[in-house]
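Input: a single structure, listed below in structure tokens.
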Amino acid sequence: IVQHLGVSDGNMEEGSLRVDANVSLRETGTKELGVKSEVKNMNSLRSLRRALDFEIERQEQDLRAGKEIIQETRHWDESDGRTTGSRRKEEAHDYRYFPDPDLVPFILKADYVDDIKAKLPELPEQRTKRFTEEYSLPPHDALVLTQSKAVGDYFDEAAKLYKGDSKTVANWIIGEYAFHLKNAGMEIDESAVTPKHLVGLVKLIDNKTISGKIAKEVFDEMFNTGKLPDVIVEEKGLVQIVDESEIEKIVDAVLEENAGAVEDLKAGKDKAFGFLVGQVMRLSKGKASPEIANRLIREKIK
């Protein structure tokens, strides 16, 4: 939310956003919560989850053992994966609340609130809903893409450029792109792979210029160099082989060299088919059209 509002980068690891968590338990069937503990020092969502899991389990074990839960501030130790007591707080006044005469009470009128609402940018929940409706994305994909404003912006631009099935673009962002970003320790807006790069790559697959397997190789080069996909394909000679006669020669060679796999396939062992296709792709250095290779193998082994 703070990213979408533009008030902070929301980077918890760098201290842009901090979170405290209050934990208190109650017995099943009762309404009154027990004594709370306030957990501090979580600098990531992962730390928050781990701290909550630990503190809930700690309190539950103490309560079952008949021990008293103390109202206190507890420190989360990331390396040890546990909370430790740091400061007791017996009553509310221990928090040292006091009135500030310079901060006078004020009332927010309805028209003022409505005016602020009208000026708000699109927030994550709204964007998630729009992605499912406008781009027909599954709810899970839409949620993943809207966790970061930069990623959501990237997808939005790429989907508008592509004008095809937006799920294809989403799959590349959530899968291959996210993998490269994680390994490089980068954010998507720091990468040289722009929406134009990604859409260009997807279109090369669509028009059969390259195969999906080769596309991953091209993406890796794009990520490392910032070159456009068609330039990489041209430089590396990665254009997909769609000439059926050329692929047929490769298929014939593979079938001749792998008589055992051919017999396995005839005997109904489907794994042999995948092996044979893999051999065709190996001999063609990944450039043979998988669709044509699949069909030719099926036709030749009946």
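Heads up, the sequence shown is in the numbering used here, so the first residue is -12 and it goes up one at a time.
All C-beta atoms in this analysis are idealised placements derived from N, C-alpha and C, irrespective of residue type, glycine included.
(message) Could you tell me the alpha carbon to alpha carbon distance between residue 115 and residue 128, rounded to whole angstroms?
(response) Taking the straight line joining both Cα atoms gives about 9 Å.
(message) With a threshold of 6 Å on Cβ separation, who are the neighbours of residue 251 within its own chain once the five nearest residues in sequence on each side are excluded?
(response) For residue 251, the CB contacts under 6 Å within the same chain, skipping 5 residues up- and downstream, are 259 in chain order.
(request) Please determine if the region 273 to 286 and the region 199 to 219 are in contact, where contact requires at least 3 C-beta pairs separated by less than 8 Å. (result) Touching, per the Cβ criterion.
(request) In the DSSP assignment, find the beta strand (DSSP E) that holds residue 52 and state where it starts and stops. (result) Taken as a continuous stretch (DSSP letters only), residue 52 belongs to no beta strand (DSSP E), as it is neither H nor E.
(message) In whole angstroms, give me the CA-to-CA distance for residue 119 and residue 132.
(response) Distance between the alpha carbons of residue 119 and residue 132: 11 Å.
(message) My output table needs one value for residue 8: the three-state DSSP class, helix, strand or coil.
(response) DSSP, read as helix, strand or coil, puts residue 8 in strand.
(request) Using beta-carbon positions only, say whether residue 345 and residue 70 come within less than 8 Å of one another. (result) Lying outside -12 to 289, the shown extent of the chain, residue 345 is not represented and no answer is given.
(message) My output table needs one value for residue 173: the three-state DSSP class, helix, strand or coil.
(response) Three-state DSSP puts residue 173 in coil, outside helix and strand.
(request) Answer with buried or exposed for residue 216, where buried requires no fewer than 16 other C-beta atoms within 10 angstroms of its C-beta. (result) Buried: at least 16 other Cβ atoms inside 10 Å.
(message) Please list the terminal residues of the continuous alpha helix (DSSP H) segment that includes residue -6.
(response) Where residue -6 is concerned, there is no enclosing alpha helix (DSSP H), given that its DSSP letter is neither H nor E.
(request) From the DSSP output, read off the bridge partner residues of residue 63. (result) For residue 63, which the question treats as bridged, DSSP gives the partners 70.
(message) Does residue 22 come out as helix, strand or coil in the three-state DSSP assignment?
(response) It is coil, neither helix nor strand.
(request) Taking residue 11 and residue 22 to be in contact with their CB atoms under 8 Å, please state how far apart those CB atoms are, rounded to whole angstroms. (result) With a Cβ gap of about 6 Å, residue 11 and residue 22 count as contacting.
(request) Give the secondary structure of residue 245 by DSSP, where H, G and I count as helix, E and B as strand, and everything else as coil. (result) In the structure shown, residue 245 sits in coil (DSSP, three-state: anything other than H, G, I, E or B).
(request) Report back the beta-carbon spacing between residue 179 and residue 213 to the nearest angstrom; my notes put them in contact at under 8 Å. (result) At roughly 3 Å, the Cβ-Cβ gap stays under 8 Å, so residue 179 and residue 213 are in contact.
(message) Using 8 Å as the cut-off, can you tell me whether the region 91 to 106 makes contact with the region 42 to 56, which would need three or more C-beta pairs spanning the two stretches below that distance?
(response) No: the two stretches stay apart, fewer than three of their Cβ pairs being nearer than 8 Å.
(request) Taking all protein chains shown into account, decide if residue 24 is buried (16 or more other Cβ within 10 angstroms of its Cβ) or exposed. (result) So residue 24 counts as buried.
(request) Since I believe residue 283 is in contact with residue 238 (beta carbons under 8 Å), could you give me their beta-carbon distance rounded to a whole number of angstroms? (result) The C-beta distance from residue 238 to residue 283 rounds to 5 Å, short enough to meet the 8 Å contact threshold.
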